[in-house]
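Here is the structure we will look at.
Protein chains: 2
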Amino acid sequence: MKLPLCCSALLVLLLTPSFSHGGNILVIPAEGSHWINMDILLQALHSRGHTLTVVRSIKSWYIKENSSYYNTLSIPVEKNIDEELITNVMKETVQFARGTLPLTSFVHMTIGMVGIFKDFHAVLCEFVSTMLDDPAVIKTLHESRFDMVLADPCWGGGPILAKYLNVPLVYNGRWVIAEEAHFSIAPSPVSYIPVTGTGFTDRMTFLQRVKNILLYLITYIQNDVIARQIYQPICDKYLDPDHDFNQIKTDADIWLMKTDFVFDYPRPTMPNVVYIGGFQCKPAKPLPEHLEEFVQSSGEHGVVIMPMGTFVSELPDDMANEIAAAFAKLPQKVIWRYKGKRPSTLGNNTLVVDWMPQNDLLGHPKIKLFLAHGGTNGVQEAIYHGVPVVGLPLYFDQYDNLLRLQERGGAKILSIATVDKDDNFLKAIQEVLTDPSYRENMQRLSRLHRDQPVKPMDKALFWIEFVMRHKGAAHLKAQSYNMSWFTYHSVDVVLFLTAAVLLVLLTSFMFIRCLFRALCKRKVKRE
Amino acid sequence: MKLPLCCSALLVLLLTPSFSHGGNILVIPAEGSHWINMDILLQALHSRGHTLTVVRSIKSWYIKENSSYYNTLSIPVEKNIDEELITNVMKETVQFARGTLPLTSFVHMTIGMVGIFKDFHAVLCEFVSTMLDDPAVIKTLHESRFDMVLADPCWGGGPILAKYLNVPLVYNGRWVIAEEAHFSIAPSPVSYIPVTGTGFTDRMTFLQRVKNILLYLITYIQNDVIARQIYQPICDKYLDPDHDFNQIKTDADIWLMKTDFVFDYPRPTMPNVVYIGGFQCKPAKPLPEHLEEFVQSSGEHGVVIMPMGTFVSELPDDMANEIAAAFAKLPQKVIWRYKGKRPSTLGNNTLVVDWMPQNDLLGHPKIKLFLAHGGTNGVQEAIYHGVPVVGLPLYFDQYDNLLRLQERGGAKILSIATVDKDDNFLKAIQEVLTDPSYRENMQRLSRLHRDQPVKPMDKALFWIEFVMRHKGAAHLKAQSYNMSWFTYHSVDVVLFLTAAVLLVLLTSFMFIRCLFRALCKRKVKRE
Chain D
1 MKLPLCCSAL LVLLLTPSFS HGGNILVIPA EGSHWINMDI LLQALHSRGH TLTVVRSIKS
61 WYIKENSSYY NTLSIPVEKN IDEELITNVM KETVQFARGT LPLTSFVHMT IGMVGIFKDF
121 HAVLCEFVST MLDDPAVIKT LHESRFDMVL ADPCWGGGPI LAKYLNVPLV YNGRWVIAEE
181 AHFSIAPSPV SYIPVTGTGF TDRMTFLQRV KNILLYLITY IQNDVIARQI YQPICDKYLD
241 PDHDFNQIKT DADIWLMKTD FVFDYPRPTM PNVVYIGGFQ CKPAKPLPEH LEEFVQSSGE
301 HGVVIMPMGT FVSELPDDMA NEIAAAFAKL PQKVIWRYKG KRPSTLGNNT LVVDWMPQND
361 LLGHPKIKLF LAHGGTNGVQ EAIYHGVPVV GLPLYFDQYD NLLRLQERGG AKILSIATVD
421 KDDNFLKAIQ EVLTDPSYRE NMQRLSRLHR DQPVKPMDKA LFWIEFVMRH KGAAHLKAQS
481 YNMSWFTYHS VDVVLFLTAA VLLVLLTSFM FIRCLFRALC KRKVKRE
Chain G
1001 MKLPLCCSAL LVLLLTPSFS HGGNILVIPA EGSHWINMDI LLQALHSRGH TLTVVRSIKS
1061 WYIKENSSYY NTLSIPVEKN IDEELITNVM KETVQFARGT LPLTSFVHMT IGMVGIFKDF
1121 HAVLCEFVST MLDDPAVIKT LHESRFDMVL ADPCWGGGPI LAKYLNVPLV YNGRWVIAEE
1181 AHFSIAPSPV SYIPVTGTGF TDRMTFLQRV KNILLYLITY IQNDVIARQI YQPICDKYLD
1241 PDHDFNQIKT DADIWLMKTD FVFDYPRPTM PNVVYIGGFQ CKPAKPLPEH LEEFVQSSGE
1301 HGVVIMPMGT FVSELPDDMA NEIAAAFAKL PQKVIWRYKG KRPSTLGNNT LVVDWMPQND
1361 LLGHPKIKLF LAHGGTNGVQ EAIYHGVPVV GLPLYFDQYD NLLRLQERGG AKILSIATVD
1421 KDDNFLKAIQ EVLTDPSYRE NMQRLSRLHR DQPVKPMDKA LFWIEFVMRH KGAAHLKAQS
1481 YNMSWFTYHS VDVVLFLTAA VLLVLLTSFM FIRCLFRALC KRKVKRE
């Protein structure tokens, strides 16, 4: 009973001819690894005949001015997020992370990162102001008659512009400011839903649940401060009065959520959330000749790959030496993306590269192990191709992402703090390479992930086009968006019912006391 | 930008050849209109090569012993649900309903029906006992090596048998004992989710929210009483110890929910809930010759149809006369399913029938109006074909179902209490026939309902087969199933944190008091 995976790609082909005209989409992306994902979606939208206009800063790091598949609206901002600063902070984080994990992750998600977060959102707000103060931009925006806004929910530009233009909004992402997006829209019992950064699973001890609820409160306050101090003034200035930013940020028609329940723990969701986790994954293409030759030379032992994330590609020298020495002891070949000083301990079996075709390597039958830092993209690709993982998490959600694989028996997490002690690194690699259960579990996850009635990318395209066909998806938006917290949680009703019960009890008590006294008096009189 | 509707039917055709063998499914259905739906699903499963064994009572009303597409396991029960009794209760309900609505609906859903409900579940429990006490049945069950149980969640037989046989469980339904199934599995804020029977929408006033929370509590208690008194003893007797019925009833792998958010109000849901509302709907087939002739004779005015529900096809004489008289005044032709005494006021334009091909009529372009009692099947068919409705709700969820159409501007609800007063009936029909907004709104709902990436029936088949391929869908089941209510709601953590805060406050207070006293003493000494 096996499902052919071709059917959902075929579905999209079937859909294509019926579109009489393409839609006109305004794209409000985010920088960094988020853009990499958005870009893949934009290429797919372009190939379906839609017109795309991407809003970018003239100082953008990743988003190119000229593209064959989208137009740009470049905003001449003065400030920009300082890429160098962020890279340095990331490097420091790695050093610091060598102390402890996941406490570090916890601290960074909540306190250490607050400063960067506030700066980050302040810069983004200046971006929105610059746009909406510029008559030429306003004219372009209005004249373009966009059908919808497609935005990354990790900052407030998308919802503000969608409200400003009064067009439907589709989100593509997994984070809303500092929290996992589900916490903003779906009921999230913190008794079994771990807050990102805690390093907990969906089965928590009592003390873990205490920590989880406390971190939830901290994240909630952090989000609220950023909403009120940074974004609310922009709403007050450019939108009709009484637009609460916290309300408009959750008022999207469709949430394309870059996760699924093969990867994440099952939890309550909402009708307008569409799971597109792994939408960027695709079958491997043939490798470049020199890589294929290197991979084939590994013989029956196969290959270990170690790419690194968007920001960190250099490690401290001593750590790089330890890693290279461990690699040298393996019978496998190793492909290592590393830009730092060439480690002195590097073995003949290790190929150091500037860049590697990660997806094509993961889909190659010779690849036996993936050394991952735990970014969402890499973890999703590991699931898609069913390759076991040794994880070296550094910051943000990386530990939590890898934990989801480890819990399912497909990965082993190493702490940066102890990676260079007692041959931990080598032992972990050898364990995952020799124990077949790691690969079997990743293959099982891969089968589950691939067994969907519609492929994630096709779901994304369908719902974006649905929103354009029907001018929104109001019928999928629950009334909870429009409610104050005390109405939503029935606080007023519970108080009313408690008061009513107390009143009945009190009245009964008074009545009985009066009756009792009257009886006593009568008795006294008689006596 | 219009979607071709053929694609999802094509999808299933694409899936078919890849199944190397069919699955072996044990079906635990429910009687009445629920069976009509289940039967449609069984035919589709049979056509995809699966073997079906339907468990039925030898006294079953609807489920036939001999079928070309399923085997039966007939259980020789002594008691049976008395169809005549139920029919009589239904008739009384109609009489009673002529008093008020939706209060009647409320009363019946909560108090009036409790007796019937308890009897109903007690009879069903005897059914399970008879099965599990019969060595021949047990032998058959074990030897059949079923891949899964497909059950209606409105009674406890399905989950108990699935647990007994230790096989995956898929539900097909919308009710769990006395409540809408979502309330059993998904967080359900009663501040905007109306309890069935209240006749409220998802936008409630303060007093409506008070009533809603009270009805929620009553329903909750009613369900809990039936679970503990009727089903728990069966679990204790036939299953391993410590199986709590309330837990096992929510422990299904997949919930095929017979609703969607074109019909119902959007609300929180869970990853293993699959919406298949309207899965039984299909394009109209040509009408029988005599009906087509009658329909065509209506000319430009078109036709009004009035089928009735599974139980009620007779109305009180006076009411039937009023209805017939109103029909006689219409320029339209009328097709009326009615088994009672021929009303004296019947006009020439009205054709009384014993049965009508409801779906084929609703899909006929000449049909202008659907007089519906508000059963889920009829309402879904009205949405599918986009036909406006005048609703005459009687009991259960009928008022609430029709309210969802009325709220979207596609229907007008008449109270049975006032239907025969002041030409209300005639006026309602004329209003819905002449005001084009009713048809426009139903057509809009129809477009939304049909615009899905996968057709509801195909979704149902996909997820049933998914459960057989992967021996369950554990990765979609949230941990909430395994948690006690006080852990789930973090009651222990909140109490702990409150105690901690109080302790800190108290200690600080004591410390400050001691310090203050010590200072005072020293001062006194000095003086």
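The listed protein sequences correspond, in order, to chains D and G.
Residue numbers for the first sequence follow our numbering, so the first one is 1 and each next one is one higher.
Residue numbers for the second sequence follow our numbering, so the first one is 1001 and each next one is one higher.
Backbone N, C-alpha and C fix where the C-beta goes; we use that ideal spot for every residue, glycine too.
For residue i, which residues in chain D fall below 9 Å Cβ to Cβ?
i         : result
G/Leu1414 : Near G/Leu1414 there are no residues of chain D at all, since even the closest Cβ is about 25 Å away, more than 9 Å.
G/Met1483 : Pro189, Ser191, Tyr192
Exposed or buried, residue i, counting other C-beta atoms within 10 Å across all chains shown (16 or more means buried)?
i         : result
G/Phe1311 : Confidence is the limiting factor: at G/Phe1311 the pLDDT is only 49, short of 50, which leaves the residue's position unreliable, though a coordinate-based value still follows. Its Cβ being crowded by 16 or more others within 10 Å, G/Phe1311 is buried.
G/Asn1272 : buried
D/Met468  : buried
D/His449  : buried
G/Ala1500 : exposed
G/Gln1229 : exposed
D/Asn554  : Since the first residue of chain D shown is 1 and the last is 527, residue 554 of chain D is not available in this structure.
D/Ile58   : exposed
G/Glu1289 : exposed
G/Asp1400 : buried
G/Pro1159 : buried
Taking 8 Å as the threshold (C-beta atoms), are residue j and residue i in contact?
i         : j         : result
D/Asn212  : D/Val176  : no
G/Leu1041 : G/Ala1382 : no
G/Cys1154 : G/His1243 : no
D/Met319  : D/Arg337  : no
D/Arg267  : D/Ile218  : no
D/Tyr171  : D/Ala151  : yes
G/Val1304 : G/Leu1369 : yes
G/Asn1349 : G/Leu1330 : yes
G/Cys1528 : G/Ile1248 : Chain G is shown only over 1001 to 1527; residue 1528 of chain G falls outside these bounds and no answer can be derived.
D/Gly472  : D/Ser437  : no
D/Gln380  : D/Gly299  : no
D/Gln222  : D/Ala178  : yes
Leaving out five residues before and five after residue i in sequence, what residues of the same chain have Cβ atoms less than 8 Å from its Cβ?
i         : result
D/Thr100  : Note that D/Thr100 has pLDDT 46, beneath the 50 cutoff, so the model's placement of it is unreliable and no number is given.
D/Met209  : Note on residue identity: the sequence assigns Arg, not Met, to residue 209 of chain D. Val190, Ser191.
G/Lys1521 : none
Quick one: which chain G residues come within Cβ less than 8 Å of residue i?
i        : result
D/Thr269 : Pro1268, Thr1269, Met1270, Pro1271
D/Ser437 : Within chain G, no residue comes near D/Ser437; the closest Cβ sits about 17 Å away, beyond 8 Å.
What residues from chain D crowd round residue i, counting only those whose CB sits closer than 8 Å?
i         : result
G/Lys1471 : Within 8 Å Cβ-Cβ: nothing; G/Lys1471 doesn't reach chain D, min ~11 Å.
G/Ser1490 : Pro189, Val190, Ser191, Arg209, Ile213
Can we count residue i as close to the ligand ADP, meaning its CB is less than 7 Å from some heavy atom?
i         : result
G/Trp1485 : Ligands displayed in this structure: none; no statement on the ligand ADP is therefore possible.
Mind pulling the chain D residues with CB within less than 7 Å of residue i?
i         : result
G/Arg1203 : Gln479
G/Leu1476 : Phe261, Pro266
G/Ala1252 : Residues of chain D passing the Cβ test: none, with the nearest at roughly 13 Å.
Can you name the residues of chain G whose CB is closer than 9 Å to the CB of residue i?
i        : result
D/Thr487 : Ser1191, Tyr1192, Phe1206, Arg1209
D/Leu497 : Val1210, Ile1213, Leu1214
D/Ala493 : According to the sequence provided, residue 493 of chain D is Val. The question's Ala does not apply to it. Here the neighbours are Val1190, Ser1191, Phe1206, Arg1209, Val1210, Asn1212, Ile1213.
D/Ala320 : What D/Ala320 touches in chain G: nothing, since even the nearest Cβ is about 37 Å away.
Keeping to the same chain, check which residues put their C-beta closer than 6 Å to that of residue i; ignore five residues upstream and five downstream.
i        : result
D/Val390 : Leu371, Lys412, Ala428, Ile429, Val432
D/Leu10  : Here D/Leu10 scores only 43 on pLDDT, less than 50, and its place in the model should not be relied on; the value that follows carries that caveat. If we look at D/Leu10 and ignore the five residues flanking it on each side, it has no Cβ neighbours.
D/Leu361 : Ile305, Ile367
Name, please, each residue of chain G whose Cβ falls closer than 7 Å to the Cβ of residue i.
i        : result
D/Ala151 : Correct list: empty, because the minimum Cβ distance to chain G is about 21 Å.
Ordered along the chain, which non-local residues of its own chain (more than five positions away) have a Cβ less than 7 Å from that of residue i?
i         : result
G/Phe1146 : Asn1024, Ile1025, Leu1026, Leu1165, Val1167
G/Asn1424 : Leu1414, Thr1418
G/Ser1446 : Ile1383, Tyr1384, His1385, Gly1386
Interface residues of the segment 447 to 470 of chain D facing chain G [CB-CB below 9 Å]: Arg447, Leu448, Asp451, Gln452, Pro453, Val454, Asp458, Lys459, Phe462, Trp463, Glu465, Phe466, Met468, Arg469, His470
Could you please tell me which residues of the segment 380 to 413 of chain D, in chain order, have their CB closer than 9 Å to any CB of chain G? Arg408
Closer than 7 Å, Cβ to any Cβ of chain D: which residues of the segment 1163 to 1188 of chain G, in chain order? Ala1186, Pro1187
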